[in-house]
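Using numbering that gives the first Met the number 0, you'd call the opening residue of the sequence shown number 0 and step up by one each time. Some notes on the structure that comes next.
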Amino acid sequence: MAATQKWAMYIDGYNFYYAIKKRPDITPIHLAWCDFGALASEIIRSRGSLTRIKYFTAPVGDLGETGGEAGGERGRQMLWLRAVRTISHLEVVEGFHKGDTQRRWQRKEKQTDVNIAIALVLDAAKEFYERAILVTGDSDQMPAVRAASAEFARHIEVWLPPGQPKRRWSEEFDANRFVTIHSITPVMLERARLPDSIRHPGGTIEAPKMWRGGFA
């Protein structure tokens, strides 16, 4: 019997969240309350075992402290990061935001793209996985996917968040037998939601009303 294949999952947190947020017609916002371990299990099924999940994001920071919408956003993000850290095998990798002085309340996320690319390639080099799930629609990750697959013969499954186009990815990797492109569906996310109330050793984490199941 063949040895069980090792899988790893890499999640572009902002790309995932904003893909859902901007298309409430197909992905209600409560689907962002995602158990990525459960999502990975649905993708992997009986093809191997998940050994690690890396969730990449950047803290909102202090931009919302003097007003505007970002103050509430910061609180929701902190609660979300507490929730996501309860998922088995998951590590949060944080970049940072830089304020855009030309536009009030605009932020530019820094380091996240680079952090994802480095992790995908280095983990391949260190043989931490044989197959990887990359959750992103950001084409900036194409060179990292190409490197991990070509240099280390790792199989990469790119799973695009709902509503993100496949065409560019499919055209880029159509002839690459180590890379396949897929789309996450709302049905998959509905099945892979975290509980609205998460009990853990530190207490209970309650999903905000907007993220609770069935809230429209």
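C-beta: ideal position from N, C-alpha, C; glycine also.
Could you check how far apart the C-beta atoms of residue i and residue j are, in whole angstroms? I think they sit under 8 Å.
i, j, result
"Q140", "I115", "6 Å"
"T111", "A31", "Contact flag wrong, Cβ pair sits at about 17 Å."
"F15", "V178", "Rounded, the Cβ-Cβ distance is 19 Å, inconsistent with contact."
"G162", "I28", "13 Å between Cβ atoms; not a contact."
Once DSSP output is grouped into helix, strand and coil, what is the label at residue i?
i, result
"Y54", "strand"
"G202", "strand"
"S45", "coil"
"L193", "coil"
"V92", "strand"
"W32", "coil"
"R73", "helix"
"A131", "strand"
"R139", "Reading the sequence as shown, one finds Asp at residue 139 and not Arg. It is helical."
"N14", "helix"
"E185", "Note that residue 185 corresponds to Pro in the displayed sequence, not to Glu. Three-state DSSP puts P185 in a helix."
"R106", "For R106, the predicted model reports a pLDDT of 47, less than 50, meaning its position is unreliable; a value from the coordinates is still stated below. Of the three classes helix, strand and coil, the one that applies to R106 here is strand, per DSSP."
"S87", "coil"
"R145", "helix"
"R22", "coil"
"R81", "helix"
Kindly indicate the opening and closing residues of the beta strand (DSSP E) around residue i.
i, result
"A7", "K5 to D11"
"I117", "Careful: I117 lies outside any beta strand (DSSP E), inside the alpha helix (DSSP H) at T111 to A124."
"W158", "H154 to L159"
"S182", "V178 to S182"
Determine the closest residue to residue i out of the options, with distance taken between C-alpha atoms.
i, options, result
"S87", "G162, H181, R176 and M8", "M8"
"R251", "I197, A131, P23 and G47", "There is simply no residue 251 to check, as the chain begins at 0 and stops at 215 in what is shown."
"R73", "W158, V59 and A206", "V59"
"V120", "V134, A149 and D11", "A149"
"I183", "P23, I42, K5 and P27", "I42"
"G94", "A191, R192 and G12", "G12"
"A147", "G162, G136, P160 and A123", "A123"
"R145", "R75, R44, R176 and V91", "R176"
"G36", "A82, G71 and A143", "A82"
"R194", "G212, G136, R44 and I180", "In the sequence on display, residue 194 carries Pro and not Arg. Closest option to P194, Cα to Cα, is G212."
"A47", "K5, W79 and K21", "Contrary to the premise, residue 47 reads as Gly rather than Ala in this sequence. Looking at the Cα atoms, K5 is the closest of the given residues."
"A18", "G201, I180 and D137", "D137"
"A39", "A191, W79, T203 and H199", "A191"
"C33", "R167, G202, L80 and T203", "L80"
Looking at the unbroken alpha helix (DSSP H) that takes in residue i, where does it start and where does it end?
i, result
"V59", "No alpha helix (DSSP H) holds V59; DSSP gives it neither H nor E."
"S169", "R166 to F172"
contact_flag[the stretch 161-173, the stretch 41-52] where n(CB pairs < 8 Å) is 3 or more: No: the two stretches stay apart, fewer than three of their Cβ pairs being nearer than 8 Å.
Any 3 or more C-beta pairs closer than 8 Å across the stretch 130-140 and the stretch 148-159: Between the stretch 130-140 and the stretch 148-159 there are three or more C-beta pairs closer than 8 Å, enough to call the two in contact.
Any 3 or more C-beta pairs closer than 8 Å across the stretch 203-211 and the stretch 173-189: Segment contact: the stretch 203-211 against the stretch 173-189, fewer than three CB-CB distances shorter than 8 Å; contact not assigned.
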